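For the sequence shown, the numbering used here begins at -6 and goes up steadily by one. C-beta atoms are modelled at their ideal positions from N, C-alpha and C, and glycine is treated no differently. Computed from a predicted structure; not experimentally measured. Notes for the one structure printed next.
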Amino acid sequence: MEKIIDLEEAKKVINECHDLNELNNLRVTYLGKKSALSLAMAQMGKLKPEERAVYGKSVNDLKNELNNAINAQKAQLELAKLNETLQKETIDISLPGQSFEVGSKGIVAQVIDEICEICIGLGFSIAEGPEVESDHFNFEMMNIPKGHPARDMQDTFYIDETTLLRSHTSPVQAHVMLAAQGKGPIKVICPGKVYRRDEDTTHSHEFHQIEALVVDKGITMADLKGILLTIARKMFGEKREIRLRSSFFPFTEPSVEVDVSCFQCEGKGCNLCKGTGWIELLGAGMVHPNVLKGAGFDPNVYTGYAFGIGVERVAMLRYGIEDMRYLFANNVNIMKQFKKER
Ligand code: DAH
-6 MEKIIDLEEA KKVINECHDL NELNNLRVTY LGKKSALSLA MAQMGKLKPE
44 ERAVYGKSVN DLKNELNNAI NAQKAQLELA KLNETLQKET IDISLPGQSF
94 EVGSKGIVAQ VIDEICEICI GLGFSIAEGP EVESDHFNFE MMNIPKGHPA
144 RDMQDTFYID ETTLLRSHTS PVQAHVMLAA QGKGPIKVIC PGKVYRRDED
194 TTHSHEFHQI EALVVDKGIT MADLKGILLT IARKMFGEKR EIRLRSSFFP
244 FTEPSVEVDV SCFQCEGKGC NLCKGTGWIE LLGAGMVHPN VLKGAGFDPN
294 VYTGYAFGIG VERVAMLRYG IEDMRYLFAN NVNIMKQFKK ER
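Laid out in structure tokens, this is it:
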């Protein structure tokens, strides 16, 4: 019987094949329809029956041998390929991670948070009012009628004849009192954005205030003084003192300007306090009876105090910032200096 193929030679070729595609070609060559083996099988019908059994077995053996050899080589190549991929895709868990910078709150927001937290600790709750406000709330309800000279200092931006961007947070007082329907107690702070027709190094057309309002039976100036001293010390240090100077605001009577002893020179006099030992901090006073009455509270039964802090002013004092516009410049180099780690 004629030798179909050289098995040893074929095995050698298979074992030396190191490419899966080529191996597949070899499978076609050795076992495909046009292979010597397939042709031999096709010829089998021509053999005598007694020859056919022997021949058939040897062809089958050959086929199995080739098949096994190819499969074994295929398994080996696939394993090698897998190992290579695993090797390539190994993750080095000892590499340092890529860090990215996380932003933080701006200076103004930080100061608002700080003052709010102090006041919440003192029993205040937070109230908010609209930035687009009516002339009525911004001025009239605050005892500043049309033509009042105090309007001049708070010239603002008008949406129309009677609607404006609020020039202070004081009108939130009126909203809160109206909502309380003549019944105390009220103890709120109102942080928010306000607008004025101002712009220089220490004034901006857009800035922030925190208003405070306390209304109850029997509230006196002593309550105001006590709370202001507590807040001043929490903000600027336990050694601070406060000083009340007589002043005027249409919505308070009496009105005071509140100074805090200088935290930089401890009151001796320095550039920050301009040699006086005192720094002007905020305006305050006892809520004017007209304001109480206008917002539905009986001034014969209830009294109250109010104060208003300029947030940017506090931030500038605290950090020695000379130009208010830096606070809004969105300059990353400036903001980074005030970044608080979380
Ligand atoms: N609304 C005043 C302003 O913007 C600040 C102020 C002063 C608020 C005295 C008050 C106050 O509540 O009692 O200039």
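* Under the three-state DSSP convention, the category Q202 falls into -> The DSSP-derived three-state label of Q202 is strand.
* Beta-carbon contacts of G177 that lie in its chain and below 6 Å, excluding the five residues immediately before and after -> Cβ within range, chain order: V208, D209 and Y295.
* Asked: Would you say Q257 touches the ligand DAH, meaning its beta carbon is less than 7 Å from a heavy atom?
  -> No; taking the cut-off as 7 Å, the Cβ of Q257 has no heavy atom of the ligand DAH nearer than that.
* By Cβ distance, which residues of its chain are closer than 8 Å to D106, with the 5 residues on each side in sequence left out? -> The residues are K98.
* To do: Using the DSSP secondary-structure output, state which residues sit across from S31 in a beta bridge.
  => Answer is none; S31 lacks a bridge partner.
* Asked: Out of V284, K186, Q80 and A3, which has the shortest C-alpha to C-alpha gap to F132?
  -> V284
* To do: In the DSSP assignment, find the alpha helix (DSSP H) that holds G219 and state where it starts and stops.
  => M214 to F229
* In whole angstroms, what separates the C-alpha of V280 from that of M214? -> 10 Å
* Of the residues A322, G49, K227 and I63, which one's Cα is nearest the Cα of H11? -> I63
* Might you give, ordered along the chain, the residues of its own chain that have their beta carbon closer than 8 Å to the beta carbon of A3, omitting 5 neighbours on each side? => Sequence-distant partners of A3 (beyond 5 residues in either direction) whose C-beta falls short of 8 Å from its own C-beta, in its chain, are Y23, L59 and A62.
* To do: On the DSSP bridge assignment, give the partners of G276 in chain order.
  => E250 and G301
* Can you give me the start and stop residues for the alpha helix (DSSP H) that Y48 sits inside? => P42 to K81
* Asked: Looking at the structure shown, is I108 part of a helix, part of a strand, or coil, going by DSSP?
  -> In this structure, I108 counts as helix in the three-state DSSP scheme.
* To do: Run the proximity test for H161: is its beta-carbon closer than 7 Å to any non-hydrogen atom belonging to the ligand DAH?
  => Checking the Cβ of H161 against the ligand DAH gives yes.
* **Neighbourhood of L297 by C-beta distance below 6 Å, restricted to the same chain and skipping five residues each side** => Reading the sequence as shown, one finds Gly at residue 297 and not Leu. Around G297: V207, V208, I212 and V280.
* **Environment of F300 [buried if 16+ CB atoms lie within 10 Å]** => buried
* Asked: In chain order, what residues of the same chain have a beta carbon less than 8 Å from the beta carbon of A167, not counting five sequence neighbours either side?
  -> Counting only Cβ-Cβ distances below 8 Å, and skipping sequence neighbours, we find F130, M134, M135, V284, G287 and A288.
* Look at the alpha carbon of F256 and the alpha carbon of R311, and state the distance between them as a whole number of angstroms. => 9 Å
* Asked: So, helix, strand or coil for P184, using DSSP?
  -> strand
* To do: For the alpha helix (DSSP H) holding V95, just list the boundary residues, first then last.
  => Element bounds for V95: n/a, residue is neither H nor E.
* **R238, enclosing beta strand (DSSP E) - first and last residue** => I235 to F242
* Asked: Among C109, V21, Q103 and E9, which has the Cα closest to the Cα of Q66?
  -> When the alpha-carbon of Q66 is set against those of C109, V21, Q103 and E9, the nearest one is in E9.
* Does DSSP put V21 in a helix, in a strand, or in coil? -> helix
* Report yes if the CB atom of E204 is closer than 8 Å to the CB atom of I224, and no otherwise. => no
* Asked: For the ligand DAH, any of its heavy atoms closer than 7 Å to the Cβ of G116?
  -> no
* In or out: H198 buried (at least 16 other Cβ within 10 Å) or exposed? -> exposed
* **Environment of R45 [buried if 16+ CB atoms lie within 10 Å]** => exposed
* Give a yes or no on contact between the stretch 217 to 236 and the stretch 188 to 198, applying the rule of three or more CB pairs nearer than 8 Å. => no
* Assign M228 to one of two classes, buried (16 or more other C-beta atoms within 10 Å of its C-beta) or exposed (fewer than that). => Buried, because 16 or more other Cβ atoms sit within 10 Å of the Cβ of M228.
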